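Below: one structure, written as structure tokens.
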DNA sequence: GCCGTTTTCGGCCCGACTGTTTTCAGTCG
């Protein structure tokens, strides 16, 4: 029997949180389990091993009670409280409460009062219009539930877009909006601004001399397929590529508040607000309310928002509540590696094998990017693809690379480059 | 259930929206 991994422990804590939520526990207790699950997921060492030594409480969000439950999970393979609750609530209930529009309270009432214990049973009951018998449920609820079930079955909900595709669409959209006469400032927010690996949708915020004109113009852009939820403050757009875009127009003196709010992450914002409350400040997308004066500070920039909390500016890429808030308070935020820090590329293929550009073209591109060196690493015949390169041809290519005349860039033959332990190059 | 340069008890992020209600609970981002 192996010790449960951190991922397994975290899943067990999340499940217990779900079960307690169905059981009607106060939300803070449920949140405590989810926080603990996150702490376990983020831990770099075995949390079960820590628990056995009584040290799991060293992790933020894990106290004596969860420490004990972790030991039980390690010793008995399960948490007794979870066993008890699983007997009370069928697994289908957890699936039901995950449907958009349903939550723990409503899922629980459907189970208690109508005996509905699975998504399938729920769908059947909605079809037969039996849900409206319940107080608080009406025709709209039945409609919404059926739509949610269909969406879940189609599995197109929860589908995410890889960053490079989302970023390309987002930057094109921002460029197009900036070209509108009514636009003053247009920026990407959300997970794409944090450079998350994948994103669910795009958030764009803007200031404008004529908000209505900009919203109208956005809906008629060539790349936009449809616009919905159009209001005085924004619109929901969908690109032809299928990506959803939430556009928000904001007053210039609140641009920083909204940009900070919509950039997230949710975890970062929750921790930031929690920290602010301890200082008597309340952060929202509209401003920062100071308990002491009753005044709400509107911030044109994010620097002002973080500054009010005594923090230096936090780069979007760091906003995941992984210690960046503490570092911003202590002034120990790291300098992020940026494109300008890249000194070269040690893996590229030319038209000599399966690349699409010549050595000279790539060297010129590398020089434009500010690189110091570029290693050409074309396939040899032993790789089994690309053109068949004999040892003689390889030698000729190395000579060609060495004799290529491109100013300001050092060209290396990949087969002859070694990276030394200290990171320097030997060739 | 966790946590504390406001507390060992009493708090725990903020606001909008929705459908169903006669003032709001539940859900969402």
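In the working numbering, the protein residues as written are 9 to 435. Don't be surprised by glycine CBs; every beta carbon is placed ideally from N, CA and C. As the structure is a prediction and not an experimental result, all values here were calculated from the model.
Beta-bridge pairing of residue i - partner residues as DSSP gives them
i, result
"residue 381", "352 and 418"
"residue 214", "194 and 257"
"residue 303", "298"
"residue 131", "Partner(s): none; residue 131 has no beta bridge."
"residue 247", "232"
"residue 364", "None, per the DSSP bridge assignment."
"residue 339", "Residue 339 is not bridged to any residue."
"residue 158", "DSSP lists no partner for residue 158."
"residue 433", "427"
"residue 239", "242"
"residue 252", "246"
Extent of the continuous alpha helix (DSSP H) to which residue i belongs
i, result
"residue 330", "It is not in any alpha helix (DSSP H) - residue 330 carries neither H nor E in the DSSP assignment."
"residue 368", "367-376"
"residue 25", "14-30"
"residue 172", "171-186"
"residue 122", "112-122"
"residue 269", "263-271"
"residue 144", "Segment: none, residue 144 is in no alpha helix (DSSP H) and carries neither H nor E."
"residue 78", "72-84"
"residue 425", "Counting along the chain, residue 425 falls outside any alpha helix (DSSP H), and DSSP gives it neither H nor E."
"residue 94", "88-96"
"residue 209", "Element bounds for residue 209: n/a, residue is neither H nor E."
"residue 278", "274-285"
"residue 323", "Per DSSP, residue 323 belongs to no alpha helix (DSSP H) and is neither H nor E."
"residue 47", "35-50"
"residue 313", "310-316"
"residue 347", "Looking at the DSSP string, residue 347 is not in any alpha helix (DSSP H), and its letter there is neither H nor E."
"residue 444", "Residue 444 cannot be examined here, being either before or after the span of the chain that is shown, 9 to 435."
"residue 99", "99-106"
Cβ-based burial, residue i [other Cβ within 10 Å; buried from 16]
i, result
"residue 426", "exposed"
"residue 202", "buried"
"residue 167", "exposed"
"residue 272", "buried"
"residue 276", "buried"
"residue 386", "buried"
"residue 228", "exposed"
"residue 35", "exposed"
"residue 324", "buried"
"residue 361", "buried"
"residue 219", "buried"
"residue 274", "exposed"
"residue 287", "exposed"
"residue 148", "exposed"
"residue 268", "buried"
Sequence-distant residues of the same chain with beta carbon closer than 6 Å to residue i, five excluded per side
i, result
"residue 295", "265, 304, 305 and 306"
"residue 246", "233, 234 and 252"
"residue 297", "290 and 304"
"residue 107", "156"
"residue 84", "none"
"residue 434", "426 and 428"
"residue 309", "264"
"residue 242", "255, 256 and 257"
"residue 299", "288"
Residues near residue i by beta carbon distance below 8 Å, same chain, minus five either side
i, result
"residue 379", "350, 351, 352, 353 and 417"
"residue 31", "93, 96 and 97"
"residue 50", "330"
"residue 410", "419 and 421"
"residue 370", "356, 358, 363, 382 and 384"
"residue 200", "171, 174, 175, 178, 207, 210 and 211"
"residue 8", "Any property of residue 8 remains undetermined from this structure, which presents the chain solely from 9 to 435."
"residue 82", "11, 12, 56, 59 and 60"
First and last residue of the uninterrupted beta strand (DSSP E) at residue i
i, result
"residue 63", "Here residue 63 belongs to no beta strand (DSSP E), and DSSP marks it neither H nor E."
"residue 411", "Taken as a continuous stretch (DSSP letters only), residue 411 belongs to no beta strand (DSSP E), being part of the alpha helix (DSSP H) at 399-411."
"residue 289", "289-292"
Neighbourhood of residue i by C-beta distance below 7 Å, restricted to the same chain and skipping five residues each side
i, result
"residue 121", "142"
"residue 169", "206, 207 and 251"
"residue 44", "21, 69, 70 and 74"
"residue 88", "80"
"residue 249", "177"
With a threshold of 8 Å, are at least 3 pairs of Cβ atoms found where one atom belongs to the segment 347-359 and the other to the segment 328-339? no
Indicate whether the contact test is met: 3 or more Cβ pairs, each with one atom in the segment 306-322 and one in the segment 277-293, closer than 8 Å. yes
Below 8 Å, can you find three or more Cβ-Cβ pairs linking the segment 110-121 to the segment 14-30? yes
Does the structure place the segment 183-200 close enough to the segment 223-232 that three or more beta carbon pairs sit under 8 Å? yes
Is the segment 151-165 in contact with the segment 188-195, if contact means three or more CB pairs nearer than 8 Å? no
Check whether the segment 122-135 and the segment 54-61 touch, using three or more Cβ-Cβ pairs below 8 Å as the test. no
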